[in-house]
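> For the record, the sequence lines run as chains A and B.
Per this note's numbering: the first sequence = residues 1 to 407.
Per this note's numbering: the second sequence = residues 1001 to 1295.
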Amino acid sequence: MTHNFKRIALASLTLCGAVAGLPGTAQAQISGDVVKIGFITDMSSVYADIDGAGGVEAIRMAIADMKGMVAGKKIELIYADHQNKADVAANKAREWIDTQGLDLLIGGTNSGASLAMAKIAAEKKKPFMVIGAGSARLTNEDCTPYTIHYAYDTVALANGTGNAVVKSGGKSWYFLTADYAFGASLQGDTATAVQKAGGTVVGSVKHPLNASDFSSFLLQAQGSKAQVLGLANAGGDTINAIKAANEFGVTKTMKMAGLLMFINDIHSLGLKTTEGMYLTDSWYWNQSPEARAWSRRFYEKMKRMPSSLQAADYSAAMQYLKAVEATKSDDADKVMAQLKSTKINDFYAKNGEIGPDGRHRHDMFLMQVKSQKESTEPWDYYNLVQTIPGVEAFTKLADSKCSLVKK
Amino acid sequence: MTDLFGIPLPALLSQLLLGLVNGSFYAMLSLGLAVIFGLLNIINFAHGALYMMGAFLAWMGLEYLGLNYWVMLLLAPLVVGVLGIFIERLLLQWLYKLDHIYSLLLTFGITLVLEGIFRSFYGSSGQQYAVPDALQGATNLGFMVLPNYRAWVVVASITVCLAVWALIEKTSLGATLRAGTENPKLVQAFGINVPRMITLTYAAGVALAAFAGVLAAPILQVTALMGSNLIIVVFAVVVIGGMGSILGSIVTGLGLGVIEGLTKVFYPEASSTVVFVVMAIVLLVRPAGLFGKEK
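In structure tokens:
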């Protein structure tokens, strides 16, 4: 008898629980009663400093600023290291979507990894926000209804630096190019921008990826008598090329233009070596009072200033959470529609708009590296030369190769 | 202007000289590997990581203790040499009786551990180390402007390489070493402490790697992965020169640096593979390497 009573009591309790749960789901349509954000980036290798653990911290700050809740439900963050391997990234994304009930995937550095994750996210119909990867393919040939390319791409970098340097008098260019797909496309995009602006390309030399010595290539560049040396490479290759250029006095006869450089690269090279260089970036910590305020908070936690990617990690996560709040739903289609119809203006993005191709077009900035004398505090590295409006910096919608763009 | 194969002579000369600079790093690293292989019969995969440690120690010495380049040029090899003693006594000595593959795996593991530690503390974009004041500036040689520091690298490494070669080939200590390589049991019977000799040889070999690391610090960005970018090429140099051959590794190191430098002018895309093409050809024609003896 007592046994039976217990059973009935248990059953009615379970029922009560189920009923109590119902109004919640009816009010806000949040799957699994939790909004889960997954972040996959390079946490341990060449790109770990520009994104990595700092990127995780930035997303955590966004969640903390929402007090950990959106539409009345808890927000959770999971993250993983893709070790710069596209298959690792894709498998992790698939696992999270299938077994963890992932609601938003954020992709960090490495274009190969992001292209692979974009396919999975599209197949599973989950929003995918790309921050660290640069390939413009993500919103052209390989665009999907669920990909948002948030921070920058190779086209914007090429337009920014290529165009501006020609206009400031650097007419003839020589390229030092990393010998793989990324280097070739960066050189190609920049050469187009240079020629459009009335400049000429005198020549180029291809170097193997992770080349340890650049002196030989630099002497060839110097022999070309070009005014500008365009560095179509990234990370350690760019750093070692700039060091050698200083050592051999190439910087005395040629202007250096870094085509993909982040503030961390400038920090580790020092101003003495990089002084006067041009570069294009999507954001700089000292560009506005809001940016400074946020960066100070970031600095407290990480003991270094944020890169543009880390700021974009925060901004993207925040815009997504706001969209969930506005639609009271984590349904991918509803949230994507909301994101694509909202103008973005926060401490990171100015005049931002997400197009039907998934490209987030916002202002980009051409910077020149300060001299040691001009720099007044640690991490005070850039002078803003020019603000490039988003529509000019990125691929125009009319020129997009994305099949989702109706022409 | 005189031309040679369509390239102006001054340009060619400057590329030759730059090749020699890179070659001196190859020579010094492969020399250490060759000495270790000759006596211990192990393939020291940790060589690249210890070279990286040498560069990092130079940076740390300046950053934390204010010790300048010249002090660290002596101190860093000593510290790494002591670490080498620990590695050999605690780990390697148990593996001599086993197949080569065990010591190779062990030293590879040491590489991963060391690189992981430095990466987690110092990040991946690396540290900047300035050229010492005395070697700042550049000299105009007529056909090119050579930074003084690069000239110093060539002089220092060739001096060290020749000193090591003379020590091993021309002194009685070297004779004992060479005898120990040939027949350790017999040498031990003469009352010489062979295990201690082995330990010290390993320490000396890795100290050479650290010395090369300190030399490289002002030229390259000091990063956790700087050793792994170089070590594969250095292994190829050792194979081409003949495993265990002292003079072979010095000459091939310098020679391959020059060949690589020339490739950068004529066909830059192949500059990272040319060393391996040479290796394949040498192995086909002379399987024991250019200076190696067939066993």
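Ideal placement from N, C-alpha and C gives every residue a C-beta, glycine not left out.
1) Which one of A:Ala-156, A:Gly-223 and A:Gly-72 has the shortest CA to CA distance from A:Thr-253?
2) Does the region 118–127 of chain A come close enough to the region 99–110 of chain A to have 3 or more Cβ pairs within less than 8 Å?
3) Which class does A:Gln-227 belong to by DSSP, given the choice of helix, strand or coil?
4) Give a yes or no on whether the minimum CB-CB distance between A:Gln-494 and chain B is below 9 Å.
5) If the criterion is Cβ atoms closer than 9 Å, does the pair A:Ile-75 and A:Trp-96 meet it?
6) Which residue spans inside the region 1193–1277 of chain B form an unbroken alpha helix (DSSP H) run of at least 4?
7) Can you list the residues of chain B that A:Pro-208 reaches, using a CB-CB cut of under 9 Å?
8) Between B:Thr-1223 and chain A, is any beta-carbon pair separated by less than 9 Å?
9) In three-state DSSP terms, what is A:Gln-338?
10) Touch check for the region 174–191 of chain A and the region 367–383 of chain A: three-plus C-beta pairs under 8 Å?
11) Can you check which of these residues, A:Ala-191, A:Thr-190, A:Gly-235 and A:Val-194, is closest to A:Ser-212 by C-alpha distance?
12) Any idea if B:His-1100 is buried or exposed, counting beta-carbon neighbours within 10 angstroms, 16 or more meaning buried?
13) Run the CB neighbour count on A:Ile-59, radius 10 Å, all protein chains shown included, and call it buried at 16 or more, exposed below.
14) Is any beta-carbon of chain B found at less than 9 Å from that of A:Phe-248?
15) Residues of the region 46–58 of chain A in Cβ contact with chain B at a cutoff of 9 Å, in chain order, please.
16) Pick out whichever of A:Ala-193, A:Gly-199, A:Lys-196 and A:Leu-229 has its Cα sitting closest to the Cα of A:Lys-206.
17) Check the Cβ of A:Leu-269 against every Cβ in chain B and list those closer than 7 Å, keeping chain order.
18) How about B:Asn-1229 and A:Asn-264: do their beta carbons lie closer than 9 Å?
19) Taking any Cβ of chain A, which residues in the region 1063–1091 of chain B have a Cβ under 9 Å from it, in chain order?
20) Identify whether A:Ala-178 lies in helix, strand or coil by the three-state DSSP scheme.
21) So that I know if they touch, is there some Cβ in chain A lying closer than 9 Å to that of B:Pro-1147?
22) From the beta carbon of B:Gly-1261, is the nearest beta carbon of chain A less than 9 Å away?
23) Assign B:Glu-1260 to one of two classes, buried (16 or more other C-beta atoms within 10 Å of its C-beta) or exposed (fewer than that).
24) Give the secondary structure of A:His-82 by DSSP, where H, G and I count as helix, E and B as strand, and everything else as coil.
25) Please list, in chain order, the chain A residues whose beta carbon lies closer than 8 Å to that of B:Met-1144.
26) Along the region 1010–1030 of chain B, where does the CB come closer than 7 Å to a CB of chain A? Name the residues.
27) Within a Cβ cutoff of 6 Å, which residues of the same chain sit near A:Pro-23, ignoring the five residues on either side of it in sequence?
28) So, are the CB atoms of A:Ser-340 and A:Asn-351 less than 9 Å apart?
29) Could you tell me whether the region 256–270 of chain A touches the region 287–297 of chain A, using the rule of 3 or more Cβ pairs below 8 Å?
30) Tell me the DSSP secondary structure of A:Ile-106 in three-state form.
31) How should B:Trp-1070 be labelled, buried or exposed, when 16 other C-beta atoms within 10 angstroms of its C-beta is the threshold for buried?
32) B:Leu-1230 touches chain A at which residues, Cβ-Cβ below 8 Å?
33) Any residues in the region 1112–1123 of chain B with a beta carbon nearer than 9 Å to a beta carbon of chain C? Which ones, in chain order?
34) CB-CB under 7 Å to A:Ala-164, same chain, minus the five flanking residues each way: which ones, in chain order?
35) Output needed for A:Leu-321: all residues of its chain with C-beta closer than 8 Å, excluding positions within five of it in sequence on either side, in chain order.
36) Check whether the Cβ of A:Gly-481 lies closer than 9 Å to any Cβ atom in chain B.
According to the data block:
1) Counting from 1 along the first sequence, the entry for residue 253 of chain A is found at position 253. The shortest Cα separation from A:Thr-253 among A:Ala-156, A:Gly-223 and A:Gly-72 belongs to A:Gly-223.
2) yes
3) For the purposes of this step, residue 227 of chain A is taken as the residue at position 227 of the first sequence. Reduced to three states, the DSSP call for A:Gln-227 is coil.
4) Within the shown structure, residues of chain A are numbered from 1 to 407, placing residue 494 of chain A beyond reach of any answer.
5) Numbered from 1 along the first sequence, position 75 holds the residue referred to as residue 75 of chain A. Numbered from 1 along the first sequence, position 96 holds the residue referred to as residue 96 of chain A. In this structure, A:Trp-96 does not lie closer than 9 Å to A:Ile-75 by Cβ.
6) 1194–1216, 1226–1241 and 1246–1266
7) By one-based count along the first sequence, residue 208 of chain A stands at place 208. Residues of chain B passing the Cβ test: Pro-1268, Glu-1269, Ala-1270, Ser-1271, Ser-1272 and Thr-1273.
8) Along the second sequence, one-based indexing puts residue 1223 of chain B at 223. By this cut-off, B:Thr-1223 is an interface position.
9) Stepping through the first sequence from its first residue, residue 338 of chain A is reached at position 338. Reduced to three states, the DSSP call for A:Gln-338 is helix.
10) no
11) As a working note, residue 212 of chain A is residue 212 in the first sequence. Residue A:Gly-235 holds the alpha-carbon nearest to the alpha-carbon of A:Ser-212 among A:Ala-191, A:Thr-190, A:Gly-235 and A:Val-194.
12) Residue numbering aside, residue 1100 of chain B sits at position 100 when the second sequence is read from its first letter. Burial call: exposed.
13) Taking the first residue of the first sequence as position 1, residue 59 of chain A is located at position 59. Buried, since its Cβ has 16 or more Cβ neighbours within 10 Å.
14) On the first sequence, residue 248 of chain A is found 248 positions in, with the first residue counted as 1. Answer yes: the Cβ-Cβ gap between A:Phe-248 and chain B drops below 9 Å somewhere.
15) The region 46–58 of chain A vs chain B, Cβ under 9 Å: Val-46, Tyr-47, Ala-48, Asp-49, Ile-50 and Gly-52.
16) Walking along the first sequence from the start, residue 206 of chain A turns up at place 206. Selected option, being the one with the closest Cα: A:Leu-229.
17) Position 269 of the first sequence, counted from the start, is the residue given in the question as residue 269 of chain A. Simply Gln-1128.
18) As a first step, residue 1229 of chain B is located in the second sequence; it is residue number 229 there, counting from the start. As a first step, residue 264 of chain A is located in the first sequence; it is residue number 264 there, counting from the start. No.
19) none
20) One-based indexing of the first sequence puts residue 178 of chain A at position 178. Looking at A:Ala-178 - three-state DSSP - the assignment turns out to be strand.
21) For the purposes of this step, residue 1147 of chain B is taken as residue 147 along the second sequence, with counting starting at 1. Taking Cβ atoms only, chain A reaches closer than 9 Å to B:Pro-1147, which makes this a yes.
22) As a first step, residue 1261 of chain B is located in the second sequence; it is residue number 261 there, counting from the start. It does; some Cβ of chain A falls within 9 Å.
23) Locating residue 1260 of chain B in the second sequence gives position 260, where the first residue counts as 1. Buried is the call here.
24) For the purposes of this step, residue 82 of chain A is identified with residue 82 of the first sequence, where counting begins at 1. Three-state DSSP puts A:His-82 in coil, outside helix and strand.
25) Locating residue 1144 of chain B in the second sequence gives position 144, where the first residue counts as 1. For B:Met-1144, the chain A residues whose C-beta falls within less than 8 Å of its own C-beta are Leu-219, listed in chain order.
26) Ala-1011, Ser-1014, Gln-1015, Leu-1018 and Asn-1022
27) Within the first sequence, the letter at position 23 stands for residue 23 of chain A. With a pLDDT of only 43 at A:Pro-23, under 50, the local geometry of the prediction cannot be trusted, and no value is derived from it.
28) By 1-based counting over the first sequence, the position of residue 340 of chain A is 340. By 1-based counting over the first sequence, the position of residue 351 of chain A is 351. The amino acid occupying residue 340 of chain A in the given sequence is Lys; Ser does not appear at that position. Against a cut-off of 9 Å, the Cβ pair of A:Asn-351 and A:Lys-340 comes out as no contact.
29) The region 256–270 of chain A, when compared against the region 287–297 of chain A, does not touch it at the 8 Å Cβ threshold.
30) Counted from its first residue, the first sequence places residue 106 of chain A at position 106. Residue state, collapsed to three classes: strand.
31) Locating residue 1070 of chain B in the second sequence gives position 70, where the first residue counts as 1. Answer is exposed; the Cβ neighbour count stays below 16.
32) Working through the second sequence from its first residue, we reach residue 1230 of chain B at position 230. Per Cβ cutoff of 8 Å: Ser-212.
33) Included in the structure are the protein chains A and B, with no chain C among them.
34) Mapped onto the first sequence, residue 164 of chain A falls at position 164. Cβ neighbours of A:Ala-164 within its own chain (closer than 7 Å, five residues either side excluded): Tyr-278, Leu-366, Val-385 and Gln-386.
35) Taking the first sequence and counting its residues from 1, one reaches residue 321 of chain A at position 321. Here the set comprises Val-35, Ala-62, Ile-63, Met-66, Val-70 and Ile-75.
36) There is simply no residue 481 of chain A to check, as chain A begins at 1 and stops at 407 in what is shown.
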